[in-house]
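Student: Numbering (the numbering used here), first residue to last: 32 to 540.
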Ligand SMILES: Cc1ncc(COP(=O)(O)O)c(C=O)c1O
């Protein structure tokens with residue numbers, strides 16, 4: 032008996048340095064670990080003169096394969112950090128680099144990064160109050176702050192999500208269940224889809240995010256349920272086409288129940304005419320979900336906040352903080368105008384959120400989410416807003432807007448480049464290289480090759496996209512530390528690369 036107790040105590044003690052606790056070993060290991068990570072990352076960042084190592088997918092896959100072995104006896108953190116130095120740290124995309132400007136993928140703010148360390152250390156889980164006693168109220172406070180910025184009414188509510196995909200899904204789920212209940216008295220949560228579900232339709236513009244279709248498929252309606260409305264010359268939802276589509280659906284006996292409007296489309300950053308779209312949604316009794324994953328960042332802008340006027344009319348809203356709010360992935364929010372609609376998600380589990388808790392006023396946030404275990408992401412946004420201040424935050428966003436406008440002007444003045452969006456709505460630029468000296472060159476192939484060459488030589492990270500069947504280059508200018516100097520250098524690289532590719536015999540049409 033004695034012997035086995037001693038063994039157990041010895042074993043327990045031998046785990047001390049693996050966890051943070053009030054004992055000395057845990058504290059020391061935590062401090063040392065943070066210091067070693069700090070040293071390592073500072074070295075990697077001070078060497079990062081390019082946004083990407085430029086290695087091929089195959090080379091990186093091989094390097095990662097070589098470190099995928101786990102010893103019986105542990106290795107020191109310092110040694111493991113050295114082992115991942117090349118394969119992981121130096122082969123990662125340096126998203127904070129001034130020439131990293133491909134996707135809606137932001138450089139994370141330092142308070143957000145430090146927030147991640149606190150979030151991981153505290154490891155609160157946002158599903159039930161007894162797993163997140165303070166975090167529950169901090170998240171609720173952040174939702175309230177956000178609702179205030181949106182000018183949402185007192186009836187509104189919200190929850191943090193993993194990002195736009197989850198928030199869009201939640202918006203359409205509530206829209207579907209609200210319609211089925213109010214139209215047919217049918218409870219989808221309890222009874223599954225109603226017999227006439229195949230007549231249900233969701234409308235969005237042809238430039239809306241693909242997650243609208245993905246949500247429809249996951250909601251059992253199928254992608255066929257999504258009807259796309261044409262966009263105008265600025266890639267905003269065409270009101271005329273919206274009305275045409277609605278009357279056609281009526282004639283065909285179909286049942287439109289949700290309208291998804293985009294506030295900041297992924298490619299052009301276009302914002303649908305929110306007031307007008309809201310009026311049509313009201314006229315036809317549609318649930319209006321606004322996907323403001325990207326455009327929601329303008330909530331803090333000093334010069335462009337008015338572009339979001341009308342957002343407050345939406346029945347539900349998607350906002351992402353890992354885009355224009357500069358938070359580390361992942362961090363988003365979903366809001367509803369009428370908190371009662373969260374009822375479509377709520378489920379009482381005896382072990383987690385029994386009804387009795389509710390009677391006693393205990394707040395279990397699981398009732399508002401499609402997730403159960405959930406991160407305390409609200410903290411990193413809180414720390415960022417507090418330490419940077421909303422005024423400076425707005426200035427950062429406005430700087431990127433001005434940079435986008437100046438970049439558009441600059442590209443417009445260049446001989447070999449053709450600009451697609453002369454007046455960027457937010458901060459994306461769509462353009463392509465169209466050299467005058469080589470009229471017979473395959474321009475799609477040329478632009479794709481430019482993007483690939485710059486990436487694989489680590490000289491610049493930009494995106495490519497397709498507009499009206501043609502390949503374009505795209506800059507997403509989220510980084511407030513990027514300036515015209517980097518843009519000038521990048522455009523010079525693009526022209527130089529185009530010349531090299533054409534001299535190297537790139538395909539002709
Ligand atoms: C307009 C829009 N909505 C939704 C999403 C999906 O967001 P997430 O990647 O955070 O899930 C994106 C992603 O870029 C987006 O641009």
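Ideal placement from N, C-alpha and C gives every residue a C-beta, glycine not left out.
Within its chain, find whatever has a CB closer than 6 Å to the CB of residue 543; leave out the 5 residues flanking it on each side and keep chain order.
Tutor: Here the chain comprises residues numbered 32 to 540, so residue 543 is not present and cannot be evaluated.
Student: Determine the DSSP secondary structure at residue 432, reduced to helix, strand or coil.
Tutor: Here residue 432 sits in helix by DSSP.
Student: Enumerate, from N- to C-terminal direction, the unbroken beta strand (DSSP E) stretches of 3 or more residues contained entirely within the stretch 206 to 289.
Tutor: Runs found: 231 to 236, 257 to 260.
Student: From what residue to what residue does the alpha helix (DSSP H) around residue 298 run?
Tutor: It is not in any alpha helix (DSSP H) - residue 298 carries neither H nor E in the DSSP assignment.
Student: Can you tell me where the beta strand (DSSP E) holding residue 463 begins and where it ends?
Tutor: From DSSP, the beta strand (DSSP E) with residue 463 extends over 459 to 464.
Student: Between 123, 246, 186, 215, which has its C-alpha nearest residue 195's C-alpha?
Tutor: Closest option to residue 195, Cα to Cα, is 246.
Student: Please work out which residues of its chain come closer than 6 Å, Cβ to Cβ, to residue 256, disregarding the five sequence neighbours upstream and downstream, and give them in chain order.
Tutor: 231, 232, 233, 247.
Student: Mapping the DSSP letters down to three states, classify residue 65 as helix, strand or coil.
Tutor: DSSP places residue 65 in helix when its eight states are reduced to three.
Student: Are the beta-carbon atoms belonging to residue 142 and residue 418 less than 9 Å from one another?
Tutor: In contact: residue 142 and residue 418 (Cβ atoms closer than 9 Å).
Student: Pull up the CB-CB distance for residue 146 and residue 414, whole angstroms please, since I reckon it's below 8 Å.
Tutor: Contact flag correct, Cβ pair sits at about 4 Å.
Student: Indicate whether residue 170 and residue 396 have their beta-carbon atoms separated by less than 9 Å.
Tutor: Result yes, Cβ atoms of residue 170 and residue 396 sit closer than 9 Å.
Student: Which runs of the beta strand (DSSP E) fall wholly inside the stretch 319 to 381 and span at least 3 residues, in chain order?
Tutor: Complete beta strand (DSSP E) runs here, min 3: 347 to 351, 363 to 367.
Student: Expressed to the nearest angstrom, what Euclidean distance is found between the alpha-carbon atoms of residue 296 and residue 107?
Tutor: Answer to the nearest angstrom: the Cα atoms are 46 Å apart.
Student: Measuring only the C-alpha atoms, how far is residue 202 from residue 362?
Tutor: Cα to Cα, residue 202 sits roughly 17 Å from residue 362.
Student: Between the alpha carbons of residue 373 and residue 399, how many angstroms are there, rounded?
Tutor: When rounded, the distance between both Cα atoms is 6 Å.
Student: Would you say the stretch 179 to 190 touches the stretch 422 to 432, given that touching needs at least three Cβ pairs under 8 Å?
Tutor: Short answer: they don't touch.
Student: Cα separation between residue 133 and residue 227?
Tutor: Cα-Cα distance, rounded: 43 Å.
Student: Three or more C-beta pairs under 8 Å: does that hold for the stretch 376 to 395 against the stretch 424 to 439?
Tutor: At 8 Å Cβ cutoff, the stretches do not touch.
Student: Please state whether DSSP places residue 496 in a helix, a strand or coil.
Tutor: The answer is strand: DSSP assigns residue 496 an E or B state.
Student: Nearest-angstrom Cα distance between residue 504 and residue 241?
Tutor: Spanning the two alpha carbons is a distance of roughly 20 Å.
Student: Would residue 206 pass as a contact of residue 289 if the rule is Cβ separation under 9 Å?
Tutor: Yes, they are a contact pair.
Student: Where does residue 21 fall in DSSP's three states?
Tutor: An answer regarding residue 21 cannot be provided, because it is not within the stretch 32 to 540 covered by the chain.
Student: Tell me which residues share the same chain as residue 501 and place their Cβ nearer than 8 Å to its Cβ, disregarding the 5 neighbours each side in the sequence.
Tutor: Once the five neighbours on either side are set aside, the close Cβ partners of residue 501 are 463, 474, 475.
Student: DSSP three-state label for residue 294, please.
Tutor: Strand, per DSSP.
Student: Among the residues of its own chain, which have a CB less than 6 Å from the CB of residue 438, if the five just before and after it don't count?
Tutor: Taken in chain order, the residues that qualify are 460, 518.
Student: So, do the stretch 117 to 126 and the stretch 82 to 96 have three or more beta carbon pairs nearer to each other than 8 Å?
Tutor: Enough Cβ pairs lie closer than 8 Å, so yes.
Student: Just mark residue 287 as buried or exposed, buried being the case when its beta carbon has 16 or more other beta carbons within 10 Å.
Tutor: It counts as buried.
Student: Assuming residue 447 contacts residue 534 under a Cβ cut-off of 8 Å, what Cβ separation, rounded to an integer in Å, is found between them?
Tutor: With 8 Å as the limit, residue 447 and residue 534 do not qualify as a contact, their Cβ atoms being about 14 Å apart.
Student: Leaving aside the five residues before and after residue 43 along the sequence, list all residues of the same chain whose C-beta is less than 6 Å from its C-beta, in chain order.
Tutor: So no residue of the chain qualifies.
Student: To which residues of the same chain is residue 480 closer than 7 Å at the C-beta, ignoring the five residues directly before and after it?
Tutor: Contacts found: 532, 537.
Student: Which value, in whole angstroms, describes the spacing of the CA atoms of residue 49 and residue 427?
Tutor: For residue 49 and residue 427, the distance between alpha carbons rounds to 40 Å.
Student: Between the C-alpha atoms of residue 153 and residue 411, what's the straight-line distance to the nearest angstrom?
Tutor: Going from the Cα of residue 153 to the Cα of residue 411 covers about 13 Å.
Student: Would you please state the rounded distance, in angstroms, between the beta carbons of residue 299 and residue 452? I believe it to be under 8 Å.
Tutor: That pair is a contact at about 6 Å.
Student: For residue 506, which residues in the same chain have their Cβ closer than 6 Å to its Cβ, ignoring the five residues on either side in sequence?
Tutor: So the qualifying residues of the chain are 132, 460, 493.
Student: Since residue 375 and residue 364 are thought to touch, with beta carbons under 8 Å apart, how far apart are those beta carbons, to the nearest angstrom?
Tutor: Wrong, their Cβ atoms sit about 18 Å apart, outside the cutoff.
Student: Report yes if the CB atom of residue 355 is closer than 9 Å to the CB atom of residue 329, and no otherwise.
Tutor: Cβ distance < 9 Å, so residue 355 and residue 329 count as in contact.
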